[in-house]
Structures are given as structure tokens and as C-alpha cells.
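First up is the structure itself, then whatever we jot down about it.
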Amino acid sequence: MPQSLRYLFSLPNTYPYSGIDVFTADFFYLARVPDFNGAHAADDAAALDIRPLAGLRAADYGLASIRQAIATIIREPELLS
16 MPQSLRYLFS
26 LPNTYPYSGI
36 DVFTADFFYL
46 ARVPDFNGAH
56 AADDAAALDI
66 RPLAGLRAAD
76 YGLASIRQAI
86 ATIIREPELL
96 S
């Protein structure tokens, strides 16, 4: 369980699904946890990849909203304070 959870921002995104474009809003949160013991991928995630902020590169991610979110956080690290 997170010790704290805070909404950061949301971004629009479009996902192709069954031949149509689905327009969505992706929400981004900051969750603080004491450790990652027992953390695992769930739902439609194939893996859990925990990286330090310095190890993030927006270009490594395929979804436009994820790339934009990571670029925003790298550009504005105070969002995580």
C-alpha cells in the first residue's frame, strides 16, 4: 500500500482497438511506498520495471502519453517533491 498518493496530471491519448481509435485520458500519480517488496505486474502489464529518475528516457516508451509524461517529469522534477 502506498504511504501517500498524489495526482500529478492527465494527458490525452488515442489507442487503436479493434480497428478503431479510442480517445482516452491517461492519469498520472505519484505514489510513495516504503519499499518494492512483493511488487508485481498485474492486469495487462507484462512486467514491473523500477528505475531511478535519472534512468528514464522518454524515447524508450511506445505510448505518446507515457513519453510526454516522462518528458514532463524529467523537465520538471519538482513535480515529484
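The opening position of the sequence shown corresponds to residue 16 in this note's numbering, with each subsequent residue numbered one higher. For glycine and all other residues, C-beta sits at the position ideal for the given N, C-alpha and C. The structure presented is a predicted model; accordingly, all values stated were derived computationally and were not measured.
- The C-beta separation of Ile85 from Tyr76 comes to about 6 Å, placing the pair in contact by the 8 Å criterion.
- Non-local beta-carbon contacts of Ser80 in its own chain, meaning distances under 8 Å to residues more than five positions away in sequence, involve Leu26, Pro27, Asn28 and Asp41 in chain order.
- With 16 or more other Cβ atoms from the protein chains shown falling within 10 Å of its own Cβ, Ile88 counts as buried.
- Note: Ile35 is bridge-paired with Tyr32 in the DSSP secondary-structure output.
- Distance from the CA atom of Ala69 to the CA atom of Leu94, rounded to whole angstroms, is 15 Å.
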